[in-house]
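Okay, so here's the structure we're looking at.
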Amino acid sequence: MQSSYSVRELTAYIRRMFEGDNRLQGLWVEGEISGFKKAEPSGHCYFTLKDGKAQIDCAMWRSNAQQMVKLPKDGDAVIAHGNVTIYEERSKYQFYVDRLRPVGIGDLYRQFELLKQKLEAEGLFDGERKRPLPVYPKRIGVVTSPSAAAFQDVLNVLSRRYPLVEVILSPTLVQGVEAPAQIVRALERLNQRDDIDVILVCRGGGSIEDLWAFNDEAVARAIVASRVPVVSGVGHETDFTIADFAADLRAPTPSAAAEILTPDIDAMRDDLDRLSQTLDEALGYSLRRQRDNLDDQIRLLRQLSPIARVRTARQRLDDWQAHMTSLQRGRLTLLRQRIEASDRALLAASPQAILERGYALVSDSVTGKRIKSARAADKNITIQFHDGTIEAQVKHD
Amino acid sequence: MTEVETLTFEAAYAELEGIINRLDSGDLPLEESVMLFERGRRLSQRCQSLLDNAELRVSQLIDGDEIEPLE
Numbered sequence: 007m008q009s010s011y012s013v014r015e016l017t018a019y020i021r022r023m024f025e026g027d028n029r030l031q032g033l034w035v036e037g038e039i040s041g042f043k044k045a046e047p048s049g050h051c052y053f054t055l056k057d058g059k060a061q062i063d064c065a066m067w068r069s070n071a072q073q074m075v076k077l078p079k080d081g082d083a084v085i086a087h088g089n090v091t092i093y094e095e096r097s098k099y100q101f102y103v104d105r106l107r108p109v110g111i112g113d114l115y116r117q118f119e120l121l122k123q124k125l126e127a128e129g130l131f132d133g134e135r136k137r138p139l140p141v142y143p144k145r146i147g148v149v150t151s152p153s154a155a156a157f158q159d160v161l162n163v164l165s166r167r168y169p170l171v172e173v174i175l176s177p178t179l180v181q182g183v184e185a186p187a188q189i190v191r192a193l194e195r196l197n198q199r200d201d202i203d204v205i206l207v208c209r210g211g212g213s214i215e216d217l218w219a220f221n222d223e224a225v226a227r228a229i230v231a232s233r234v235p236v237v238s239g240v241g242h243e244t245d246f247t248i249a250d251f252a253a254d255l256r257a258p259t260p261s262a263a264a265e266i267l268t269p270d271i272d273a274m275r276d277d278l279d280r281l282s283q284t285l286d287e288a289l290g291y292s293l294r295r296q297r298d299n300l301d302d303q304i305r306l307l308r309q310l311s312p313i314a315r316v317r318t319a320r321q322r323l324d325d326w327q328a329h330m331t332s333l334q335r336g337r338l339t340l341l342r343q344r345i346e347a348s349d350r351a352l353l354a355a356s357p358q359a360i361l362e363r364g365y366a367l368v369s370d371s372v373t374g375k376r377i378k379s380a381r382a383a384d385k386n387i388t389i390q391f392h393d394g395t396i397e398a399q400v401k402h403d
Numbered sequence: 003m004t005e006v007e008t009l010t011f012e013a014a015y016a017e018l019e020g021i022i023n024r025l026d027s028g029d030l031p032l033e034e035s036v037m038l039f040e041r042g043r044r045l046s047q048r049c050q051s052l053l054d055n056a057e058l059r060v061s062q063l064i065d066g067d068e069i070e071p072l073e
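Structural data, given as structure tokens:
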């Protein structure tokens, strides 16, 4: 016998069937609102979507309903996004709506979503496709309308922040049926030049219809195909366009794009001042080091200089001279002493000295001849003492 | 070496940074370091004057590859 299912098992199975079907998940449904009511206190909303032939019960949780600017009323033509699944307790299938938009604009949103999904799946928005922007761009290509206020905003920001840059406008319509083809052409023309560093695609704020040219597939592809990096600045901060996703960088507004693209000249002045100062210091350092080296060399040179040797030699010479002088002096003293000694000897040998010792000198008074023996003495003699002479007569016995 | 007066801001700025690095690190001969310093001075002045005198130039693409000044 076949085993049976419980009711719960069966409904759970049916629920899984619904939820496993991708076509019933994340889909858009167009219809007219009917029987709209907001339940209190939960805040969830319940309504029916219908067209001439059919209807489906819908539920919208409070969290999603709160995202809406204003709640729909019966009779509104809307486009709703959500998932279809089973409400098991009541044996009924339901459309759980998470986004709800009026038709018309809703249609544009759907196109937007579809195109976004398609290009995303192709990898056109991948992070690794995004290119770095130049830090100091020399030439910025701007794709916009020359009459747009956005263009003037961009020029004002560039003049203030970075007037070194040159702007080349590639003029185009930015709104209307012809705009997408013109934007594509404007991008291509800038890419044909070889002097553009970065491209700014911009347009001021407006309604979703006004901005629609920037949700065009050809525009998105032209941005991705651009050889030169592209920055987008379309609409206001809350506006996101396909062009934004395709660009290398999305700026919230045209002015913000101009800021992102350029360095600030005041910051650059500061940088430059700092750099100049560093340059002075670097030279000072270099010169100081050279001077230190030089001083070392001079010291070394002094040590090795011939002057030093001359000095040493001179000193030695002085020493020798002193030595010689002292030797000489010694010798002279010695000589002098010898002379004095001779002198003394001489004096000691003089006749006067002998007389002083008590001897006397005898000579003949007539002839004056020295008488050296007693036999030679005759009659008159002269006797010389150390203190005088006397005359004497010799008596012979 | 390129004439300082013909250099763009970016080129002059980059060269100035390079000179500082060389003065800072290398054991350069005196003459060379003085020469480098003088060039650095001129580069710095070039950058200053470019900043002082910069005026945004705006032109637009017209037919073909031509551009014409705007305003």
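From first to last, the protein sequence lines are chains A and B.
Residues in the first sequence are numbered from 7 upward in steps of one, following the working numbering.
Residues in the second sequence are numbered from 3 upward in steps of one, following the working numbering.
The beta carbon of each residue, even a glycine, is placed where N, CA and C say it ideally should be.
Everything numeric in this text was worked out from a predicted model, so none of it was measured.
Chain B within 7 angstroms of residue i, Cβ atoms only
i: proline 260(A); result: no
i: alanine 177(A); result: According to the sequence displayed, residue 177(A) carries proline and not alanine. By this cut-off, proline 177(A) is an interface position.
i: glutamine 296(A); result: yes
i: alanine 288(A); result: yes
i: valine 173(A); result: yes
i: isoleucine 229(A); result: no
i: threonine 150(A); result: no
i: leucine 6(A); result: Absent from the model: residue 6(A). The displayed extent of chain A is 7 to 403, so no value can be given.
i: serine 282(A); result: yes
i: tyrosine 142(A); result: yes
i: isoleucine 271(A); result: yes
i: serine 232(A); result: no
i: serine 153(A); result: no
i: arginine 105(A); result: no
i: leucine 405(A); result: For chain A, the structure presents residues 7 to 403; residue 405(A) sits outside this window and is missing.
i: arginine 195(A); result: yes
i: leucine 278(A); result: yes
Neighbour-count burial assignment, residue i, 16 or more Cβ in a 10 Å radius
i: serine 232(A); result: buried
i: glutamate 265(A); result: buried
i: tryptophan 326(A); result: exposed
i: glutamate 17(B); result: buried
i: isoleucine 85(A); result: buried
i: valine 13(A); result: exposed
i: alanine 366(A); result: exposed
i: methionine 274(A); result: buried
i: lysine 385(A); result: exposed
Residue i at chain A interface by Cβ criterion, 7 angstroms
i: alanine 56(B); result: yes
i: arginine 59(B); result: yes
i: serine 27(B); result: no
i: leucine 9(B); result: no
i: serine 35(B); result: yes
i: serine 46(B); result: yes
i: glycine 42(B); result: yes
i: glutamate 12(B); result: yes
Proximal residues to residue i (C-beta, below 6 angstroms), its chain only, five neighbours per side dropped
i: proline 177(A); result: Pro152
i: aspartate 57(A); result: Gly37
i: glycine 211(A); result: Gly241, His242
i: aspartate 159(A); result: Pro260, Ser261
Cutoff 7 angstroms; reference residue i; Cβ partners in own chain excluding five residues on either side
i: lysine 98(A); result: Asp63
i: glutamate 70(B); result: Ser61, Gln62, Ile64
i: arginine 76(B); result: Any question about residue 76(B) goes unanswered here, given that chain B covers just 3 to 73.
Cβ-based neighbour list, residue i, same chain, cut-off 8 angstroms, excluding 5 preceding and 5 following
i: leucine 53(B); result: Phe11
i: lysine 79(A); result: Ile39, Phe42
Completely contained beta strand (DSSP E) runs for the region 43-108 of chain A, where each covers 3 or more residues:
51-56, 61-66, 83-93, 98-108
Mind the definition here: the region 24-42 of chain B touches the region 283-297 of chain A only if three or more C-beta pairs lie below 8 angstroms; say whether that holds.
yes
Jot down the residue ranges of each uninterrupted alpha helix (DSSP H) in the region 242-326 of chain A, minimum 4 residues, whole runs only, in chain order.
248-252, 260-267, 271-310
Continuous alpha helix (DSSP H) assignments of at least 4 residues falling wholly in the region 139-205 of chain A:
155-167, 185-198
Given 8 angstroms as the limit, is there contact between the region 138-153 of chain A and the region 82-90 of chain A, that is, 3 or more CB pairs closer than that?
no
Touching by the beta-carbon criterion (3+ pairs, under 8 angstroms), the region 116-123 of chain A and the region 164-175 of chain A
no
Pairing CB atoms from the region 186-201 of chain A with CB atoms from the region 216-232 of chain A, are three or more of them under 8 angstroms?
yes
Where are the alpha helix (DSSP H) runs, 4 residues long or more, that stay fully inside the region 318-393 of chain A, in chain order?
357-362
Using 8 angstroms as the Cβ pair cut-off and three pairs as the minimum, do the region 238-252 of chain A and the region 201-208 of chain A touch?
yes
Could you tell me whether the region 69-81 of chain A touches the region 19-33 of chain A, using the rule of 3 or more Cβ pairs below 8 angstroms?
no
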